[in-house]
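Numbering (my numbering), first residue to last: 426 to 709.
Ideal placement from N, C-alpha and C gives every residue a C-beta, glycine not left out.
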Amino acid sequence: MAKARIGLPPLDWLRVFEAAGRLGGFAAAAREFGLTQAAVSQRIGNLETWLGRALFIRGPRGVTLTIEGESYLPLVQASLTALERNTEDLFGTAPRELRVAGLPSHVQTLVVARAGPFLARNPDVRLVTDSVALRASFDDERTWLQVRYGKGNWPGREARLIAAEVLAPMAAPGVDWSAGMIELRGERPGWSEWIRLGEDTKGAPTRLSVDSMEHALGAAEAGLGVVLGSIPLARAALASGRLYRLDLPEMPTRDGYWLTWPADRLGARRMRTLVESFHAAICE
Numbered sequence: 426m427a428k429a430r431i432g433l434p435p436l437d438w439l440r441v442f443e444a445a446g447r448l449g450g451f452a453a454a455a456r457e458f459g460l461t462q463a464a465v466s467q468r469i470g471n472l473e474t475w476l477g478r479a480l481f482i483r484g485p486r487g488v489t490l491t492i493e494g495e496s497y498l499p500l501v502q503a504s505l506t507a508l509e510r511n512t513e514d515l516f517g518t519a520p521r522e523l524r525v526a527g528l529p530s531h532v533q534t535l536v537v538a539r540a541g542p543f544l545a546r547n548p549d550v551r552l553v554t555d556s557v558a559l560r561a562s563f564d565d566e567r568t569w570l571q572v573r574y575g576k577g578n579w580p581g582r583e584a585r586l587i588a589a590e591v592l593a594p595m596a597a598p599g600v601d602w603s604a605g606m607i608e609l610r611g612e613r614p615g616w617s618e619w620i621r622l623g624e625d626t627k628g629a630p631t632r633l634s635v636d637s638m639e640h641a642l643g644a645a646e647a648g649l650g651v652v653l654g655s656i657p658l659a660r661a662a663l664a665s666g667r668l669y670r671l672d673l674p675e676m677p678t679r680d681g682y683w684l685t686w687p688a689d690r691l692g693a694r695r696m697r698t699l700v701e702s703f704h705a706a707i708c709e
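The following block contains the structure:
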């Protein structure tokens, strides 16, 4: 490796290095910046020549950071974050767009249905939503602001609670236990846990089984049975009378719906203020 040059390397090289180190490869960094993989490799090679140190080990299955690369990456990340935050605070204009991703049912019920107050308070801001097909796809989603379901403890992310998950028996008007129970498969507690609270389903059979709360609530609205439904997701249906709650206890859970973002993403004061305004609106 050539002798190191003195001074600060070009910012473009540092940004590409940070992306490759954070994402674990040159191809992923190339996708993030809209470059070719060869262009990313060239910039990182230039940086290594400048520093006089190898930052990545190239192998047939990809690249890994060297010891020097592992030591340099957090320093570069902290410096880029500070530069972005201070530049935004000194010279930036108010954000004109806020983009949020989530499962389609969560976007509809927790974002779109509640966005009115946020848009009224921020008339110059455009709200953009992106649908994520599968919960497992969140880590691959480029939209950094996300609505997620769970316990709020995702590594490397901040999270603000939108609504705690609370389940309660509900059905369409005129429907009772004689229509049977709608079973929801998945991670939420179900009828068996609700029965253990000492409640009775009147011997109703399970006549329909679905794998998403969206489908379960839709089936209940269609009169296909009684569902142990999510009160936060069913809020509009309950308010409009499309569903009603049976006169039975609700069941709190340990999960909830959260607004989340990467821990290092809201350094700029204006963007943090906008996200906090958005969170307050969708919690109303």
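Contact annotation: the segment 494-505 does not touch the segment 457-465, with fewer than three C-beta pairs closer than 8 Å. Minimum Cα-Cα distance from alanine 662 among the listed residues Ala644, Leu673, Val572 and Glu624 corresponds to Ala644. As computed with DSSP, glutamine 533 is found in no beta bridge at all.
Distance from the Cα of methionine 606 is smallest, within the candidate group Tyr669, Asp625 and Arg632, for Arg632. Put simply, of Glu566, Asp549 and Arg573 the residue whose alpha carbon is nearest the alpha carbon of leucine 535 is Arg573. Taking 4 residues as the minimum length, the alpha helix (DSSP H) runs contained wholly in the segment 623-657 are 638-646, in order along the chain. With contact defined as three or more Cβ pairs closer than 8 Å, the segment 554-568 and the segment 525-545 are in contact. When Gly449, Ala453, Glu709 and Pro434 are compared, the shortest CA-CA separation from threonine 474 is found for Pro434. In the three-state reduction of the DSSP assignment, aspartate 565 falls in the helix class. Tryptophan 438 and alanine 455 have their alpha carbons spaced roughly 12 Å apart. A straight-line Cα-Cα distance of about 6 Å links proline 594 and valine 652.
When secondary structure is reduced to three states using DSSP, glutamate 583 falls in the strand class.
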